[in-house]
Amino acid sequence: MAYKDQGKGKPIVLIHGFMGSHAYWDKVIPKLAEDFRVIAIDLPGHGDSTSIKEEHSIEDYADTLKDLLDQLNINQVTLFGHSLGGYITLAFAERYSNYLNGFSLIHSTAYPDSEEAKKGRMATAEKVKNEGVKNAVDGLIPKLFSPKNIQKNNSEIDIAKQIGYKTSVDGTVKALISMKNRPDRNHVLNDTALPVLLLAGKDDQIIPPEKTFSVQKENIKTSTLNNAGHMSMYESPEELINEMKDYLISF
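Under my numbering, the first residue of the sequence shown carries the number 471, and numbering increases by one thereafter.
Below is the structure:
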């Protein structure tokens, strides 16, 4: 598993979304690294990480992350998971809660896919098998941004596309199947006593705020980023950084 490791202090791990890489966090890492040790990973089949198991699931991503933490001798960490990264964060919290001092979902949800979404995942997987990743990336990335930010973030959209093109066909297909098969994990949010941060974009066309804010509890902080869709690390990085830092210094 490829990763970027920058800064010193309390370790945090940033987990990117589908067809992304650690580079999604390039605007966020320098500011966070002023106060924390920031580890930004490339998921299997994404970015510079190439190896992926024959049979793959959301739980397998969590296991791979646990192996990396063991390799780095890190036994206490805070996870921030964007989209697919949030699904992995919840699986990790379910399996390895003893490693966590907190976790955050960024534009993600504890709900499983709807039947319609599952069909869409499989249709995309077949398309990628037949055509490669480029058309899938070109169709996906603009939808991740708020419609009102398309012009303003035109260069960031191009950057995100270039990142997406590096995703392998195998990595893309297995990520789609993993997301399709993931279970409902609202029980993880209901059961945890850890401090949790749920961040949503007001204009998110992929995962609307109500899907992110599925559980209300005293230890769960919720926040809506008003000038963002699904990609606040590009659309509203300063606001995202402030929310992350405020959360991290709260425990």
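Don't be surprised by glycine CBs; every beta carbon is placed ideally from N, CA and C. Computed from a predicted model, the values in this text were never measured in an experiment.
Around the Cβ of I719, are there at least 16 other Cβ atoms within 10 angstroms (buried) or fewer (exposed)?
So I719 counts as exposed.
Residue ranges of each beta strand (DSSP E) within the stretch 644-674, 3 or longer:
When DSSP assignments are scanned along the stretch 644-674, the uninterrupted stretches of beta strand (DSSP E) that are 3 or more residues long and fall wholly within it turn out to be 666-671.
Report all residues from its chain with a CB closer than 6 Å to the CB of P481; omit the five preceding and five following residues, and keep chain order.
Excluding its 5 nearest sequence neighbours in each direction, P481 has C-beta neighbours in its own chain below 6 Å: R507, I544 and V547, listed in chain order.
Beta bridge counterpart(s) of V547 as assigned by DSSP
Answer is L570, bridged to V547.
Which whole runs of the beta strand (DSSP E) in the stretch 479-543 are 3 residues long or more, in chain order?
Correct list: 481-485 and 507-511.
heavy atom of the ligand MG below 6 Å from I620 C-beta:
Ligands displayed in this structure: none; no statement on the ligand MG is therefore possible.
Specify the secondary structure class of D716 as computed by DSSP and reduced to three states.
Helix at D716.
Supposed close pair T534, M471 - CB separation, criterion 8 Å
Confirmed, about 6 Å.
Taking G490 as the reference, which of A503, S553 and K536 has the closest Cα?
Checked all of A503, S553 and K536; the closest Cα to G490 is S553.
Would you check if there are 3 or more beta carbon pairs closer than 8 Å linking the stretch 627-639 to the stretch 598-614?
Three or more Cβ pairs drawn from the stretch 627-639 and the stretch 598-614 lie within less than 8 Å of each other, which places the two stretches in contact.
In whole angstroms, what separates the C-alpha of L539 from that of N651?
One C-alpha to the other measures close to 25 Å.
Relative to the C-alpha of P707, which candidate in D475, S574 and V498 has its C-alpha closest?
When each option's Cα is compared against that of P707, the closest is V498.
Which ranges does the beta strand (DSSP E) cover as unbroken runs of at least 3 residues, wholly within the stretch 576-648, from first to last along the chain?
You should have found no qualifying run.
Residue range of the unbroken beta strand (DSSP E) whose run includes S693
Note, S693: beta strand (DSSP E), I690 to L695.
Alpha-carbon to alpha-carbon, P653 and P582:
C-alpha separation (whole angstroms): 5 Å.
When burial is assigned at 16 or more other CB atoms within 10 Å of the CB, is D512 buried or exposed?
The residue in question, D512, is buried, as its Cβ has 16 or more Cβ neighbours within 10 Å.
Pair every Cβ in the stretch 683-700 with every Cβ in the stretch 611-626, then say whether three or more of these pairs are closer than 8 Å.
Yes, the stretch 683-700 is in contact with the stretch 611-626.
For the beta strand (DSSP E) holding K474, just list the boundary residues, first then last.
Y473 to Q476 is the extent of the beta strand (DSSP E) around K474.
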